[in-house]
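> If you count the sequence shown from 1, you need to add 21 to reach our numbering. Every residue gets a Cβ at the ideal spot worked out from N, C-alpha and C, and that includes glycine.
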Amino acid sequence: MGLNEKPLSTLHEKASFDLGDFEVPIGREESWRFTPLSRLKGLHNGKAEPVGHVRLDVEAAPEVVVETVGRDDARVGKAFTPTDRVSAQAWNSFEKATVITVPREAVTSRPTVLTLTGEGDGAAYGHIVVKVEPMAEAVVVLDHKGSAVYADNIEFVVGDGANLKVVSLQDWDDDAVHVSHHHAQLAKDATFRSFVVTLGGDLVRLSPSVAYTAPGGDADMSGVYFVDAGQHLEHRLLVDHSQPNCKSNVDYRGALQGQDAHAVWIGDVIIRVEAEGTDTYELNRNLILTDGARADSVPNLEILTGEVAGAGHASASGRLDDEHIFYLQARGIPYDEARRLVIRGFLGQLIEKIQIEEIRDRVLSAVEAELAR
Numbered sequence: 022m023g024l025n026e027k028p029l030s031t032l033h034e035k036a037s038f039d040l041g042d043f044e045v046p047i048g049r050e051e052s053w054r055f056t057p058l059s060r061l062k063g064l065h066n067g068k069a070e071p072v073g074h075v076r077l078d079v080e081a082a083p084e085v086v087v088e089t090v091g092r093d094d095a096r097v098g099k100a101f102t103p104t105d106r107v108s109a110q111a112w113n114s115f116e117k118a119t120v121i122t123v124p125r126e127a128v129t130s131r132p133t134v135l136t137l138t139g140e141g142d143g144a145a146y147g148h149i150v151v152k153v154e155p156m157a158e159a160v161v162v163l164d165h166k167g168s169a170v171y172a173d174n175i176e177f178v179v180g181d182g183a184n185l186k187v188v189s190l191q192d193w194d195d196d197a198v199h200v201s202h203h204h205a206q207l208a209k210d211a212t213f214r215s216f217v218v219t220l221g222g223d224l225v226r227l228s229p230s231v232a233y234t235a236p237g238g239d240a241d242m243s244g245v246y247f248v249d250a251g252q253h254l255e256h257r258l259l260v261d262h263s264q265p266n267c268k269s270n271v272d273y274r275g276a277l278q279g280q281d282a283h284a285v286w287i288g289d290v291i292i293r294v295e296a297e298g299t300d301t302y303e304l305n306r307n308l309i310l311t312d313g314a315r316a317d318s319v320p321n322l323e324i325l326t327g328e329v330a331g332a333g334h335a336s337a338s339g340r341l342d343d344e345h346i347f348y349l350q351a352r353g354i355p356y357d358e359a360r361r362l363v364i365r366g367f368l369g370q371l372i373e374k375i376q377i378e379e380i381r382d383r384v385l386s387a388v389e390a391e392l393a394r
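1. Which ranges does the beta strand (DSSP E) cover as unbroken runs of at least 3 residues, wholly within the region 166-222, from first to last along the chain?
2. According to the neighbour-count rule (16 or more other Cβ atoms, all chains shown, within 10 Å of its Cβ), is G238 buried or exposed?
3. Which of the three DSSP states is assigned to E378 in this structure?
4. Who are R315's beta bridge partners in DSSP?
5. Excluding sequence positions up to five away, which residues of its chain have a Cβ less than 7 Å from the Cβ of A337?
6. Hey, out of R131, E328, D289, E80, whose CA is closest to L258's CA?
7. Who are the near neighbours of G23 in its chain, counting only those whose CB is closer than 7 Å to its CB and skipping five residues on each side?
8. According to DSSP, what are the bridge partners of D289?
9. Would you mind reading off the limits of the beta strand (DSSP E) that contains F247?
10. Please list, in chain order, all residues of the same chain as V86 whose beta carbon is under 6 Å from its beta carbon, the five residues on each side excluded.
11. By Cβ distance below 6 Å, which residues in the same chain neighbour D241 in space, the five residues on each side in sequence not counted?
12. Are H334 and E303 close, meaning C-beta to C-beta below 7 Å?
13. At 3 residues or longer, what runs of the beta strand (DSSP E) sit wholly inside the region 94-142?
14. Report all residues from its chain with a CB closer than 6 Å to the CB of V45; omit the five preceding and five following residues, and keep chain order.
15. Are the CB atoms of L137 and V79 within a distance shorter than 7 Å?
16. Using C-beta distances below 7 Å, list every residue in its chain close to P155, excluding the 5 sequence neighbours before and after it, in chain order.
17. So what does DSSP say about G23, is it helix, strand or coil?
18. Between the region 270-285 and the region 248-258, are three or more C-beta pairs nearer than 8 Å?
19. Please list, in chain order, all residues of the same chain as S318 whose beta carbon is under 7 Å from its beta carbon, the five residues on each side excluded.
20. If you pair each beta-carbon of the region 90-107 with each one of the region 69-78, do three or more pairs fall below 8 Å?
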């Protein structure tokens, strides 16, 4: 399969399953200019030896069907097309895919947890499909840990009137490299809620995207990240509104501390000519806690119709508010504790949206551990 006949937008011009359609990036391209290519360990140029292993363990809800399938399965690659070279490399390199199916009208009794554990040196590639059939409801957790050089694609296919909630945790070891594309395809009146937590890894580049195939789709994408010295954590989002009367909301927040801590957030929203009645908003906020940390935040909104219900975007990066700290200190709270309270409140507003208590408590504990440093 070659180039997509319909360009995605002026922001995303190319989509193809063919690796040869993507030139090896050199770092000057708009989509790669923030990413330190030398730290990708060959994922971007084909030099990564595919001898690594990332073990996938699935704890499925009883209502869910789990299958391991070959590349020729019709459900694999149906909902998305790679839009960068690493995604195309992952598509051409995986051997088996995991397909999670939630049957029609089923309401899962507990979350389905996919644990991906990196084991050893060398690169690994993966592919996952989560298919939620019409009127079904499910919660899926993706838990990444261990040491790996890993690239993968994940498809979320949400049927008519279905509801899917996804929590993705990037809690890798300090030396891990992870480049991933998450794509959600929403049918008529489908609901998609995603929450991304990125804490671990040397370099993590996650690209969540959403597309609509019929009116009435509703996507909410939230994320929290905490960047330490030397880490590069990058989130590149795309919401492609191509159907009328759909909604999307994006809210990502990060905290950075330490020398050369680097966060990158790119938020692209496209409202096509036919997408009348779209209601969308995207927000990114970064809290820079120490000198030497850097946050790049670029919201982009491309509107091709004048008939929208609402469209907006905002971005802000800055240091702790001295007035907030002073307010707490004036009430007898020591400076260090006042600082922690402000940071907890900044990130906690989003973390509280995680409806799985065990995951929410784990994320809060991880943030506490970061602050204790």
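On the basis of the coordinates in this document:
1. The region 166-222 is shown to contain whole beta strand (DSSP E) runs of 3 or more residues at 170-179, 184-191, 198-207, 212-219, in chain order.
2. buried
3. For E378, the three-state secondary structure derived from DSSP is helix.
4. According to DSSP, R315 bridges with H283.
5. R306.
6. D289
7. Unreliable positioning characterises G23 in this predicted model, as indicated by a pLDDT of 46, which lies under 50. The coordinate reading is nonetheless provided below. Taken in chain order, the residues that qualify are S37, D39, D42.
8. L259, N321
9. 239-248
10. T122
11. R214, N270
12. yes
13. The qualifying runs are 118-123, 133-139.
14. N66
15. no
16. R125, G180, D181, G182, A183
17. In this prediction, G23 has a pLDDT of 46, which is less than 50 and means its spatial position is unreliable; what the coordinates show is noted afterwards. Note: G23 maps to coil in three-state DSSP.
18. Touching, yes, given that three or more Cβ pairs across the two stretches are closer than 8 Å.
19. W286, N305, N307, S336, S338
20. The region 90-107, when compared against the region 69-78, does not touch it at the 8 Å Cβ threshold.
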